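First to last, the sequence lines map onto chains L and H.
Going by numbering that gives the first Met the number 0, the first residue of the first sequence is number 0, and it counts up by one from there.
Going by numbering that gives the first Met the number 0, the first residue of the second sequence is number 0, and it counts up by one from there.
In what follows, a structure is listed as structure tokens, so that the remarks can point back to it.
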Amino acid sequence: MTPVLSVRDLSVRFRMRGGRHVAAVDAASFDLAAGECLALVGESGCGKSVLASALLGLLPGNALTAGTAVIDGTDLLAADERTLARTVRGRRVGLVPQSPAAHLTPVRTVRAHLEETLRALTGTPRRELRAAVAEAAERAAFPPGLLDHYPHELSGGQAQRAATALALIGDAPLLLADEPTTGLDRDLVDRTVDELRRHADDGRALLLITHDLAAARRVADRVAVMYAGRIVELSDAGRFFGDPGPRHPYARGLLAALPERDFTPIPGMPPELSALPDGCAFAARCHRADDACRAVPRMAGGVACHHSGEEHHSEEPVRA
Amino acid sequence: MLELHAITAGYDPRAPVFHGASLTIAPGEAVGLLGPSGCGKSTLARVAALLHRPDAGRVVVDGTEVRRWRHRAPRELRTAIGVVFQQPRTSADPRLRLRDLIAEPLRATGRGDLAAGRVAELAAAVGLTDDLLGRRPHEVSDGQLQRACLARALVLRPRWLVCDEMTAMLDASTTAALVAVVEAYRRERGAGLLVVGHDRVLLERWCDRTEEWADRVRTP
């Protein structure tokens, strides 16, 4: 089956003052099929959101990109602004934003948001707008009684549904959810990601960017772990969260840090993206680091680690 | 003891967010307060930190009843309580370098001469490098900024610490790291701890006891 989204060697560097560069994303590659949910996990500042911005053509002017990200025959990295605005945003890629309350225009009602988006993306004539708004709200389970409310009159969960309703209007084959559950409580997180999953089950591809491992576990088919701008592991979600568990030492440490597991942090902090070491970016924090780690590990069999072939990780205790 | 007796509070006296909330924390004890979004638990945390005047009820800190709030609260009460909020971005002065952010409570209480030593000690504990200490908030990640906010909360060596959703924005490893710093401080100084949050698994793993919000308030 042809994937909905095909990303190959996607890199994003920011040019800084004094000729310095920040390598925010380095050689990311993955495919995403219709009906599938890929969770991209990693800590804040690892490059997850930059990757999302690259897919929407929303990078700032000092960004340099390389590689390809193809959806429906269009390379998102090579497309000009006109193509992005007219055929990509909302139409091929629907964005479910990080903080819906800030994403919505504060002086306009939810109905006004939906009407504007319907007119722009589907050309719905004025006399049919009312019915189309009701239908769009229903697809995201937004309560029809709240359509005439302003964003500040909505709870976090309601605002999230309003933003999702907007993202679904263009029938985009790819839904991009960038930290959609930040600041929500657990019940609301579960409801939000379950609803996103439902939209994937309707035949969309879902890229869920999150630092919430419980949310990823709940709905993802596959998990991509990002560390210091690189995807270091790409695994089936069942194997990642269950048996045999993650294979990259960073991913194992991240999972072990959960309060329901060992609750022990990975020692140290990630390197600065402006001063990445020459070799494996995780080596300084890794108890398995040796001379081999002076070279950047290549992604092989879904994991980028010089030591992933060594069969002793499931029984070895995770070091604090 | 840090005692909250029958607190009613909110932002409009005619329509309080909650009524009659009571909670007592002993020195050295870690108490979790678990409740859903919007229930008022953060408002209660602000009352406990003397940052919000309740509409009714009493707050008693180590035997002294609190009569004045926020900047009017007596310094010896204010400085007895450290606070860490959910959003490090909105709780940090964007103009201050992290080392000055951490030292600010010392300078504000006339003990700026202790700043260099205390900042170095706390930076090591929370894992901030010298390079990071020299940066301003927009130049660091959420996790790094929250490390600085925790250091700032501990710099006056408070007897009580209030953590309001301290880790909600953070990844699993940074969460575990910051909780470990709080726990080391609690063991070392015998400080009491109020942890407000919505993550049952986290609170039950972290705290000595976890209270349900619904059991601590009176239904009006």
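Each residue gets a CB set at the ideal place from its N, CA and C atoms; glycine is no exception.
Owing to the predicted nature of the structure, the values given are computational and were not obtained by experimental measurement.
**Request:** Could you work out which residue in 86(L), 45(L), 208(L) and 214(L) is closest to residue 193(L) when comparing CA atoms only?
**Result:** Position 194 of the first sequence, counted from the start, is the residue given in the question as residue 193(L). Considering only alpha carbons, the answer is 214(L).
**Asked** Relative to the C-alpha of residue 50(H), which residue among 68(H), 36(H) and 62(H) is closest?
**Response** Indexing the second sequence from 1 puts residue 50(H) at position 51. Of 68(H), 36(H) and 62(H), the residue nearest in Cα terms is 68(H).
**Asked** What does DSSP give as the partner residues of residue 29(L) in its beta bridges?
**Response** Mapped onto the first sequence, residue 29(L) falls at position 30. According to DSSP, which records beta bridges pairwise, residue 29(L) is partnered with 6(L).
**Prompt:** Pairing CB atoms from the stretch 226-242 of chain L with CB atoms from the stretch 115-122 of chain H, are three or more of them under 8 angstroms?
**Reply:** Put simply, the stretch 226-242 of chain L does not touch the stretch 115-122 of chain H. Fewer than three CB pairs are less than 8 angstroms apart.
**Asked** Whole beta strand (DSSP E) runs in the stretch 220-282 of chain L with 3 or more residues, listed along the chain?
**Response** 221-226 and 229-235
**Item:** For residue 6(L), the nearest candidate out of 130(L), 73(L) and 18(L) (CA to CA)
**Value:** Here residue 6(L) is taken as the residue at index 7 of the first sequence, counted from 1. Looking at the Cα atoms, 73(L) is the closest of the given residues.
**Request:** Note the first and the last residue of the continuous alpha helix (DSSP H) segment covering residue 87(L).
**Result:** Reading the first sequence from its first residue, position 88 is the one you call residue 87(L). Taken as a continuous stretch (DSSP letters only), residue 87(L) belongs to no alpha helix (DSSP H), as it is neither H nor E.
**Asked** Is it true that the stretch 272-291 of chain L meets the stretch 188-197 of chain H, where meeting means three or more beta-carbon pairs spaced less than 8 angstroms apart?
**Response** no
**Run of the alpha helix (DSSP H) containing residue 100(H), from where it starts to where it stops** = Locating residue 100(H) in the second sequence gives position 101, where the first residue counts as 1. Note, residue 100(H): alpha helix (DSSP H), 97-107.
**Item:** Given 8 angstroms, three or more beta-carbon pairs between the stretch 51-64 of chain H and the stretch 0-7 of chain H
**Value:** A contact exists between the stretch 51-64 of chain H and the stretch 0-7 of chain H.
**Message:** Using a Cβ-Cβ cutoff of less than 8 angstroms, which residues in the same chain neighbour residue 96(H) once the five nearest sequence positions on both sides are dropped?
**Reply:** Locating residue 96(H) in the second sequence gives position 97, where the first residue counts as 1. Beyond the five residues adjoining it in sequence on each side, residue 96(H) comes within less than 8 angstroms, by CB distance, of 132, 133, 134 and 135 in the same chain, given in chain order.
**Prompt:** Below 7 angstroms between beta carbons: does that hold for residue 161(L) and residue 141(L)?
**Reply:** Numbered from 1 along the first sequence, position 162 holds the residue referred to as residue 161(L). Numbered from 1 along the first sequence, position 142 holds the residue referred to as residue 141(L). Yes. Within cutoff.
**Asked** Does residue 93(H) come within less than 7 angstroms of chain L when only Cβ atoms are used?
**Response** Walking along the second sequence from the start, residue 93(H) turns up at place 94. No - not a single Cβ of chain L is within 7 angstroms of the one on residue 93(H).
**Prompt:** Applying a beta-carbon distance threshold of less than 9 angstroms, which residues of chain H neighbour residue 58(L)?
**Reply:** Position 59 of the first sequence holds residue 58(L). Correct list: empty, because the minimum Cβ distance to chain H is about 18 angstroms.
**Prompt:** Where does residue 314(L) fall in DSSP's three states?
**Reply:** Position 315 of the first sequence, counted from the first residue, corresponds to residue 314(L). Low per-residue confidence applies at residue 314(L): pLDDT is 44, beneath 50, and the placement is therefore not dependable, though the value from the model is reported in the following sentence. Coil at residue 314(L), not helix or strand.
**Asked** For residue 47(L), which residues of its own chain have a beta-carbon under 7 angstroms away from its beta-carbon, when the five flanking residues on both sides are left out?
**Response** In the first sequence, counting from the first residue as 1, residue 47(L) sits at position 48. Correct list, in chain order: 39, 41, 208 and 225.
**Anticipated Cβ contact below 8 angstroms, residue 118(L) with residue 173(L), distance rounded** = As a first step, residue 118(L) must be located in the first sequence, where it is residue number 119. As a first step, residue 173(L) must be located in the first sequence, where it is residue number 174. Contact doesn't hold; Cβ gap of about 22 angstroms is too wide.
**Request:** Report the neighbours of residue 265(L) on chain H: residues whose CB is nearer than 7 angstroms to its CB, in chain order.
**Result:** Taking the first sequence and counting its residues from 1, the one referred to as residue 265(L) is at position 266. Within chain H, the residues near residue 265(L) are 172.
**Item:** Closest by C-alpha distance to residue 120(L), when choosing among 196(L), 139(L), 93(L) and 105(L)
**Value:** The count along the first sequence starts at 1 and reaches residue 120(L) at position 121. Comparing Cα positions, the closest option is 93(L).
**Prompt:** Around the C-beta of residue 57(L), are 16 or more other C-beta atoms found within 10 angstroms, so that it is buried, or is it exposed?
**Reply:** Taking the first sequence and counting its residues from 1, the one referred to as residue 57(L) is at position 58. With fewer than 16 other Cβ atoms within 10 Å, it is exposed.
**Asked** Relative to the alpha-carbon of residue 221(L), which residue among 229(L), 211(L) and 238(L) has its alpha-carbon at the smallest distance?
**Response** Translated into the one-based positions of the first sequence, residue 221(L) becomes position 222. Minimum Cα distance to residue 221(L) is reached at 238(L).
**Request:** Could you check the C-alpha separation between residue 38(H) and residue 267(L) for me, to the nearest Å?
**Result:** Numbered from its first residue, the second sequence carries residue 38(H) at position 39. Numbered from its first residue, the first sequence carries residue 267(L) at position 268. Between the C-alpha atoms of residue 38(H) and residue 267(L) there is a straight-line separation of about 36 angstroms.
**Request:** State the start and end residues of the unbroken beta strand (DSSP E) segment that holds residue 148(H).
**Result:** Here residue 148(H) is taken as the residue at index 149 of the second sequence, counted from 1. From DSSP, residue 148(H) is part of no beta strand (DSSP E) but of the alpha helix (DSSP H) over 141-153.
**Item:** According to DSSP, residues forming a beta bridge with residue 4(H)
**Value:** As a working note, residue 4(H) is residue 5 in the second sequence. Beta-bridge pairing links residue 4(H) to 57(H).
**Request:** Using a cut-off of 7 angstroms between C-beta atoms, extract the partners of residue 268(L) located in chain H.
**Result:** Reading the first sequence from its first residue, position 269 is the one you call residue 268(L). Neighbours of residue 268(L) on chain H, chain order: 126.
**Item:** Every unbroken alpha helix (DSSP H) inside the stretch 59-125 of chain L [4 residues or more]
**Value:** Here the runs fully enclosed are 99-102 and 109-121.
**Asked** Does the count of Cβ pairs from the stretch 62-78 of chain L and the stretch 225-236 of chain L closer than 8 angstroms reach three?
**Response** No, the stretch 62-78 of chain L does not touch the stretch 225-236 of chain L.
**Request:** Would you list, in sequence order, the uninterrupted alpha helix (DSSP H) runs of no fewer than 4 residues that lie entirely inside the stretch 157-203 of chain L?
**Result:** 185-200
**Prompt:** Just curious, the beta strand (DSSP E) that residue 211(H) is in, first and last residue?
**Reply:** Counting from one through the second sequence, the residue named residue 211(H) turns up at place 212. Residue 211(H) -> beta strand (DSSP E) spans 208-211.
**Message:** Using a Cβ-Cβ distance cut-off of 7 angstroms, determine whether residue 35(H) contacts chain L.
**Reply:** Here residue 35(H) corresponds to residue number 36 of the second sequence, with the count starting at 1. Chain L, which has a Cβ nearer than 7 angstroms to the Cβ of residue 35(H), makes this yes.
**Request:** Mind listing the chain L neighbours of residue 153(H)? Cutoff is C-beta to C-beta under 8 angstroms, in chain order.
**Result:** Within the second sequence, the letter at position 154 stands for residue 153(H). None at all; the shortest Cβ gap to chain L is about 17 angstroms.
**Message:** If you measure between the beta carbons of residue 258(H) and residue 157(H), is that distance less than 7 angstroms?
**Reply:** Nothing can be reported for residue 258(H), as the shown portion of chain H is limited to 0 through 219.
**Asked** Which residues does DSSP pair with residue 13(L) in a beta bridge?
**Response** The residue you call residue 13(L) lines up with position 14 of the first sequence. Per DSSP, 21(L) and 62(L).
**Message:** Any beta carbon from chain C within less than 7 angstroms of residue 13(L)'s own beta carbon?
**Reply:** Among the protein chains of the structure shown, namely L and H, there is no chain C.
**Message:** Taking the alpha-carbon of residue 9(L) as reference, which of 76(L), 19(L), 59(L) and 15(L) has the nearest alpha-carbon?
**Reply:** In the first sequence, the residue the question calls residue 9(L) occupies position 10. For residue 9(L), the nearest C-alpha among the options comes from 76(L).
**Item:** C-alpha gap between residue 90(H) and residue 168(H), whole angstroms
**Value:** Translated into the one-based positions of the second sequence, residue 90(H) becomes position 91. Translated into the one-based positions of the second sequence, residue 168(H) becomes position 169. Taking the straight line from one Cα to the other gives about 13 angstroms.
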